[in-house]
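> Following this message is one structure expressed as structure tokens.
There are 2 protein chains.
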Amino acid sequence: MARRGSLSATPAPSLRIGEVARRTGLPVKTIRFYCDEGLLQPKGRSAAGYRLFDEENLAELTIIRALRTMDVSIAELVRILEVRRAGVCNCSVLKGSMAAKVESINLRIVELAAMKDELSRLLDSWQDCGGAKVQD
Amino acid sequence: MARRGSLSATPAPSLRIGEVARRTGLPVKTIRFYCDEGLLQPKGRSAAGYRLFDEENLAELTIIRALRTMDVSIAELVRILEVRRAGVCNCSVLKGSMAAKVESINLRIVELAAMKDELSRLLDSWQDCGGAKVQD
DNA sequence: AAAAACTCTCCACCCAGTCGGTGCTTTCCA
DNA sequence: TGGAAAGCACCGACTGGGTGGAGAGTTTTT
Numbered sequence: 001m002a003r004r005g006s007l008s009a010t011p012a013p014s015l016r017i018g019e020v021a022r023r024t025g026l027p028v029k030t031i032r033f034y035c036d037e038g039l040l041q042p043k044g045r046s047a048a049g050y051r052l053f054d055e056e057n058l059a060e061l062t063i064i065r066a067l068r069t070m071d072v073s074i075a076e077l078v079r080i081l082e083v084r085r086a087g088v089c090n091c092s093v094l095k096g097s098m099a100a101k102v103e104s105i106n107l108r109i110v111e112l113a114a115m116k117d118e119l120s121r122l123l124d125s126w127q128d129c130g131g132a133k134v135q136d
Numbered sequence: 137m138a139r140r141g142s143l144s145a146t147p148a149p150s151l152r153i154g155e156v157a158r159r160t161g162l163p164v165k166t167i168r169f170y171c172d173e174g175l176l177q178p179k180g181r182s183a184a185g186y187r188l189f190d191e192e193n194l195a196e197l198t199i200i201r202a203l204r205t206m207d208v209s210i211a212e213l214v215r216i217l218e219v220r221r222a223g224v225c226n227c228s229v230l231k232g233s234m235a236a237k238v239e240s241i242n243l244r245i246v247e248l249a250a251m252k253d254e255l256s257r258l259l260d261s262w263q264d265c266g267g268a269k270v271q272d
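Protein chains in written order, with the working numbering: chain A, 1 to 136; chain B, 137 to 272.
Shown next, in the form of structure tokens:
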């Protein structure tokens, strides 16, 4: 009832790249890069050729940012977002991706812990330097 | 008592790059790359020009591997290993590095957790798809 | 109108490796 | 002893995920 036709809600916000950058916290260059990679698709261009974005693009950037933080590759993100754009529900795809990444993150944490320990042992084995003392 | 002079113990193991790779689990190419970067310094070269490594190099690779896992840059590692090679005790330097890195890792974990949550919220907001339903 | 801020494209560069090619050296095995 | 196979060297190019700068056009502010 609320929304009838395309008259009332969100007519065409048309954010420019700088505004998107400001809102997402991502550098302008990075957003441009994402567009080049087909990851982000601006709704259009202004007469002068400026990229124009909308709220949906912002939502996509949220996903992108989150998954990139989790080291999902650009290529994989392209696939995920394509599915999403096709109107297909990709909850499960995304959930799968997330689960996999969370798993790999946990693995990485274990790895880091192991390396931390290894370093600690190494450090201990050098303790014979006394702690003070330095020169050759 | 055991070791008198340089006769008895470890005369000159002189490992070649392949053996080092086998022992450390690092690819040969990576070890070569580390040498090129001045990170790892083979004890010498064979007549034919083959890089020759010793146990000390293996120890260094352990440090390198551990710190690289923790995202310490090559440049920083060069500095750390230079100090170490100079015979100066660098326990404190290394400990500082480690502390800093552990800190940044913890930060990263927090960041990851936040992104995980953000994604979860996003996923939840898509639940309206019902969960089933997909095709084209 | 002038200046500042913003945007565009294009090209080069960063890091930490990784790959492939070509040619020499060493090792294995019949 | 000889020849294949494996190992090693060097070189240059490529990767991914951006980042930086130049030079030109556009929009906004003063």
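A virtual CB, placed ideally from N, CA and C, is assigned to each residue, including glycine.
Determine which residues share a DSSP beta bridge with Arg45 of chain A and list them.
According to DSSP, which records beta bridges pairwise, Arg45 of chain A is partnered with A:Arg51.
> Select from A:Glu60, A:Ser97, A:Lys95 the residue whose C-alpha is nearest the C-alpha of Gly38 of chain A.
Among A:Glu60, A:Ser97, A:Lys95, the Cα nearest to that of Gly38 of chain A belongs to A:Glu60.
> What is the DSSP secondary structure of Arg152 of chain B, counted as helix, strand or coil?
Three-state result, Arg152 of chain B: coil.
> Taking only three categories from DSSP, how would you classify Arg140 of chain B?
Only weak support is given to the placement of Arg140 of chain B: the predicted model assigns it a pLDDT of 44, under 50, and the value that follows is read from those uncertain coordinates. Reduced to three states, the DSSP call for Arg140 of chain B is coil.
> Can you have a look at Ala236 of chain B and say buried or exposed, based on whether 16 or more other CB atoms are within 10 angstroms of its CB?
With fewer than 16 Cβ atoms within 10 Å of its Cβ, Ala236 of chain B is classed as exposed.
> Would you give the residue range spanned by the alpha helix (DSSP H) that Asp172 of chain B belongs to?
164-172 is the span of the alpha helix (DSSP H), which, as asked, contains Asp172 of chain B.
> Assuming Ser233 of chain B contacts Val214 of chain B (C-beta within less than 8 Å), just tell me the rounded distance between them.
Contact flag wrong, Cβ pair sits at about 13 Å.
> Our contact map puts Val83 of chain A next to Val93 of chain A with C-beta atoms below 8 Å; I'd like the distance itself, whole angstroms only.
Between Val93 of chain A and Val83 of chain A the Cβ distance is about 6 Å, and since that is below 8 Å, they are a contact.
> Cβ closer than 7 Å: which chain B residues qualify as neighbours of Ala66 of chain A?
Correct list: Met251, Glu254, Leu255.
> Got a sec? Which residues, its chain only, sit under 7 Å from Gly154 of chain B by beta carbon, not counting five neighbours each side?
Cβ neighbours of Gly154 of chain B beyond the five flanking positions: Val164.
> Using beta carbons (cut-off 7 Å, strictly below), is Ile216 of chain B in contact with chain A?
So, not an interface residue.
> Please determine, among A:Ala66, A:Arg16, A:Arg85, the residue with the shortest C-alpha to C-alpha distance to Ala47 of chain A.
Answer by Cα proximity: A:Arg16.
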